[in-house]
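See below for the structure under consideration.
In the working numbering, the protein residues as written are 60 to 199.
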């Protein structure tokens, strides 16, 4: 597998090419995610348009890459999944653990939406009024 990294504004796009199999691919990907987050990158896209196949070991390292990003307070989006890769994620019930986009444009939009939501101020919690029970000393 080959990994090419490019930037579009503040988004790191990691284009993956080849079969994602057991061996050196997974640790290499996870290390690249770690390197990028340690350098301050907070928005990452893994572009799977060039990945026709992934095995269980590859999936394990994909989950590890997500965890690495999460620990660094970075957002990770998977984009352009092949039918095979999507089916494998679905069959193992891993799809809910990832943000998945149809293509790079949608992935960037999803990352920017998440960043805007994180930056927007949270509304103050409403104060609950406490009604006192009437006492025997008060006039009704």
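We put the CB at the ideal spot given by N, CA and C, even for glycine. Since this is a predicted model, take the numbers as computed values, not measurements.
Inset, instruction - Consider the Cβ of residue 71: report whether some Cβ of chain C lies at a distance smaller than 8 Å. - result: Included in the structure is just one protein chain, with no chain C present.
Inset, instruction - Compute the Euclidean distance between the alpha carbons of residue 71 and residue 148, then round it to the nearest angstrom. - result: 23 Å
Legend entry - Residues near residue 161 in its chain [Cβ-Cβ closer than 8 Å; skip 5 each side]: 138 and 139
Inset, instruction - Please state whether DSSP places residue 77 in a helix, a strand or coil. - result: The answer is coil: DSSP assigns residue 77 none of H, G, I, E or B.
Legend entry - Option nearest residue 75 by Cα separation, candidates 167, 109 and 163: 109
Legend entry - Spatial distance of residue 120 from residue 172 (CA atoms): For residue 120 and residue 172, the gap between their C-alpha atoms comes out near 26 Å.
Legend entry - For residue 70, the three-state DSSP class (helix, strand or coil): The answer is strand: DSSP assigns residue 70 an E or B state.
Legend entry - Among 88, 78 and 165, nearest to residue 126 - alpha-carbon criterion: The alpha carbon of residue 126 has as its nearest neighbour, out of 88, 78 and 165, the alpha carbon of 88.
Legend entry - Alpha-carbon to alpha-carbon, residue 92 and residue 107: 15 Å
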